[in-house]
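A.B. asks: Counting with this note's numbering, you get residues 498 to 1039 for the letters of the sequence shown. We put the CB at the ideal spot given by N, CA and C, even for glycine. Remember, it's a predicted structure, so these values are computed and weren't measured experimentally. Take a look at the following structure, please.
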Amino acid sequence: MYRLQTLDWIIIACYLAGLMLLAAYLSRGQFNREDYYVGGRKLTRWPIAISIMATQCSTNSILGAPAFVAFAAGGGLVWLQYELAVPIAMVALMIIFMPLLRDLRLVTVYEYLERRFDIRTRLILSGVFMFVRAFATAVTVYSIAIVIDLITGLGFTWSVILLGLFTVLYDVLGGIKGVIYSDVVQMSILLLMLVFVAYMLADQGGGILQVWQTFPEARRTAVDFTHHGFGDGHSFAFWPMLLGGFFLYVSYYGCDQSQAQRVLSAHSVEEANQALFLNGLLRFPVVALYCFVGVGMGVYAANQADFLSTLPQNNGQANVNLAVPVYMIQQLPVGLVGLALVALFAAAMSSLDSVLNSLSASTMEDFVGRFKKTRWTDTAELFTSRVLTLFWGSVTLTLAFFVDDIAPTVLETINKIGSLINGPVLAVFTLGVLTRWCHSLAAIAGLLCGFLFNIYLWLGHPGISWLWWNLIGFAVAVLVAALVSAVCSPTAEEALSEPDDDLLLWSLPRLRQLLSQTAWKSMSFILLGWFLVLLVVLMCLN
C-alpha cells in the first residue's frame, strides 16, 4: 500500500483550502434562496457548460470508462457509441424543453409540473428524483472512498468522511455558484492529469500507433451494427446505445434537477442554449480521452502480466475499477501521486456538489417552501437551504456504506439506476409540453407503469439491453397516459382550466417566439453535422 508523503499531503491541503476560500468568497453574494440555488440567474454559457461536463466526467468515468474499455465483458470502444446521442439530445433540448422551462423562471423543473398538471405530479416526480439521485450519488461516494483508502490507508469510513466533509462544507457555503465555479477548476485539474496519464501509457506502450495495434481487435470495434440488444446478450449494440442514449440524455439534462438547475441559472434562454450547444460539441473529446486511457490500461495490463494481481480483490476477483488509481500509485513520483488524488477528489466533488445542491433545492422548493404556513424572511430561507444541503450530504454519505456490487463496473451501475426511470420521467414532461389532453392522473399512471415495466424487464428479461429501458419506459408511459386520458375524466379543477399557452410548446405565442429566434437553428445544424462526423470517425475505427 502506498503511503502519501509530506509533499503529497501539502498538495492535497492546498487544493482543499483553495476550494474553501472560493466557497467563502462566493457566499458573500447570497441574500436569498434564489441566489443560493440559481445564482440570481446571472451565469453565462462557458461556466455552465464546463460544470455540466464536469459532473458527467466524474470519478465514475475515471474508474468505470477505462475499466469498461480494457476489461469488462462485452466492453471496449463501443462505449463511444453512447456519446453519439449527446449532440442529438442537445438539439431536442434546445428546441423543445429549455426555452420554455427557462422562460418560466423556475428554481426546480418540477415546479413546471404543478403549473401544467397539479401538486401531486410535482411532488411525485420530485420525490422520484431525490430517491434515484441520492442512491446514484452514494455509488459515486463509495467508488472514490475506495480509492482514497487505497492511496492513503485511512480506511473506508474515514475516507468517506474526508471526502464528504470538504464537499458538503463548500457546497453549503458556495451554493450553485460555488458548484459551477469549483467545477471549472476541478475539470481543469482532472483533464490535465488524464492527459498526463494517457501520455505515460502511450509512451510505455511504444507510442500511440503501437498501443492501438496491440489492443485486442475485438475491443477496438467502436460501432456494432450486427446486434440489437433484444435478448441477444449484446447490451452495447449501436441502436440501443443511440436510441436509448438519446432518451436517457434528454431526460437527464432536461428533467433531472441536478443537471437542469445549472441551465435554469443561465442569464437568458440564449445563454442556456449556448451552454447546451457547447456541451454537445465538447463532451465527446473528453469521453474519448477516458476511453484512450482505457486502451492504454488494457495494453499495459497485457504487457505487465502481474499487474491485475496487484489490484484489490472484490468477491475473489481483481477489482478492475481500481486499475487507473493503482497504476498512478505504481508509476507516478512523489507529489504527482498527491496531484492524482486531487484529480480524483475533483472528479468526485464535481458530481457530489451539484447533486447535493439540487437535492436541497428540490426539498426546499417542492416540499418545505410549498407547505410552510407563514412567510419566511430571505435570511431564514437561505439558512434553511443550507441546512437542507447539509442534510442531503449526510444522507448520501451514509448510503455509501450500503452500495457495493450491482453491475460489473461503476459506470454501468450509475447508468442502470437512471435507465429504470429516465424514460417515464421524460414522458411526463413531454406530455405536458406537447399535449393539451393529458391530465395529472394519466401522467402519474404512465410514470408508474413505465417504471414497473422496466423493473419487469430487468428481473424477467435480463437479455434485453438496459439501454432500451429508456426508450421502452418512455413509450409505455406515453401509451398508458393516452389510454387513461381517453378513459378517465380529468379532475373538476383541471376540466375547468385549460393549460396556459406559456406552458405548451405548440401554442401560437410559443411558436412565434421560437421561430423568431435564429441562433438555435444554426446550432442545431452544427450539432447534427457533428453527430455525422463522429459516426464516420467511429466507423473508421472498426
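Taking the straight line between their C-alpha atoms, what separation do you get for isoleucine 621 and glutamine 683?
C.D. replies: Using only the alpha carbons, I get a separation of about 34 Å.
A.B. asks: Across the region 833-843 and the region 730-744, are there enough close Cβ pairs to call them in contact, namely three or more that are closer than 8 Å?
C.D. replies: Under the three-pair Cβ rule at 8 Å, the region 833-843 does not count as touching the region 730-744.
A.B. asks: Measuring CB atoms only, is the region 885-894 touching the region 622-635, in the sense that at least three cross pairs come out at less than 8 Å?
C.D. replies: yes
A.B. asks: Across the region 929-945 and the region 976-990, are there enough close Cβ pairs to call them in contact, namely three or more that are closer than 8 Å?
C.D. replies: yes
A.B. asks: Pop quiz: glycine 947 and valine 629 are said to be a contact at Cβ under 8 Å. What is the actual Cβ separation, rounded to whole angstroms?
C.D. replies: The beta carbons of glycine 947 and valine 629 sit about 14 Å from each other, so the pair does not count as a contact at 8 Å.
A.B. asks: Is asparagine 811 helix, strand or coil by DSSP?
C.D. replies: strand
A.B. asks: Which residues bound the alpha helix (DSSP H) around proline 596?
C.D. replies: 595-600
A.B. asks: Do you know how far the Cα of isoleucine 508 is from the Cα of tyrosine 609?
C.D. replies: About 45 Å.
A.B. asks: Answer yes or no: do asparagine 776 and methionine 550 have a C-beta to C-beta separation smaller than 8 Å?
C.D. replies: yes
A.B. asks: How far does the alpha helix (DSSP H) with threonine 886 in it extend, from its first residue to its last?
C.D. replies: 875-896
A.B. asks: Would you call the region 646-659 and the region 524-538 in contact, with 3 or more CB pairs under 8 Å?
C.D. replies: no
A.B. asks: List the endpoints of the continuous alpha helix (DSSP H) containing proline 713.
C.D. replies: First-last for proline 713: undefined, no H or E at that position.
A.B. asks: Residues in its own chain within less than 8 Å of serine 765 by CB, not counting five upstream and five downstream?
C.D. replies: Arg599
A.B. asks: So what does isoleucine 641 bridge to, in DSSP terms?
C.D. replies: By DSSP's assignment, isoleucine 641 forms no beta bridge with any residue.
A.B. asks: According to DSSP, is leucine 1002 part of a helix, a strand, or is it coil?
C.D. replies: coil
A.B. asks: What's the gap between the Cα of phenylalanine 540 and the Cα of alanine 1016?
C.D. replies: At residue 540 the sequence reads leucine, which differs from the phenylalanine that was named. Distance between the alpha carbons of leucine 540 and alanine 1016 is about 19 Å.
A.B. asks: State the start and end residues of the unbroken alpha helix (DSSP H) segment that holds valine 792.
C.D. replies: That run of the alpha helix (DSSP H) goes 766-800.
A.B. asks: Could you tell me whether the Cβ atoms of leucine 1000 and arginine 613 are closer together than 8 Å?
C.D. replies: Cβ distance < 8 Å, so leucine 1000 and arginine 613 count as in contact.
A.B. asks: So which of Leu501, Thr718, Ala520, Phe594 has the shortest CA-CA distance to methionine 1036?
C.D. replies: The residue with the shortest Cα to Cα distance from methionine 1036 is Thr718.
A.B. asks: Compute the Euclidean distance between the alpha carbons of arginine 867 and phenylalanine 880, then round it to the nearest angstrom.
C.D. replies: 16 Å
A.B. asks: How many Å lie between leucine 501 and glycine 742 at the Cα?
C.D. replies: 40 Å
A.B. asks: Here's the rule: buried if 16 or more other CB atoms are within 10 angstroms of the residue's CB, otherwise exposed. What is proline 996?
C.D. replies: buried
A.B. asks: Take proline 809 as the anchor and find which of Trp1027, Phe594, Asp668, Leu647 has the nearest alpha-carbon.
C.D. replies: Leu647
A.B. asks: Would the beta-carbon of tyrosine 607 fall within 8 Å of that of serine 859?
C.D. replies: yes
A.B. asks: Give the DSSP bridge partners of isoleucine 961, in chain order.
C.D. replies: Phe727
A.B. asks: Three-state secondary structure (DSSP) at alanine 546?
C.D. replies: Three-state DSSP puts alanine 546 in a helix.
A.B. asks: Should the region 722-732 be called in touch with the region 959-969, which here means at least 3 C-beta pairs below 8 Å?
C.D. replies: yes
A.B. asks: How long is the line joining the alpha carbons of proline 563 and leucine 691, rounded to whole angstroms?
C.D. replies: 11 Å
A.B. asks: Helix, strand or coil for proline 905, going by three-state DSSP, please let me know.
C.D. replies: Interpretation of proline 905 is limited by its pLDDT of 47, a score under 50 that renders its predicted location unreliable; the figure taken from the coordinates is listed afterwards. Assigned with DSSP and collapsed to three states, proline 905 falls in coil, not helix or strand.
A.B. asks: Taking the beta carbon of arginine 530 as the centre, do at least 16 other beta carbons fall within 10 Å, making it buried, or is it exposed?
C.D. replies: buried
A.B. asks: Who are leucine 945's beta bridge partners in DSSP?
C.D. replies: Answer is none; leucine 945 lacks a bridge partner.
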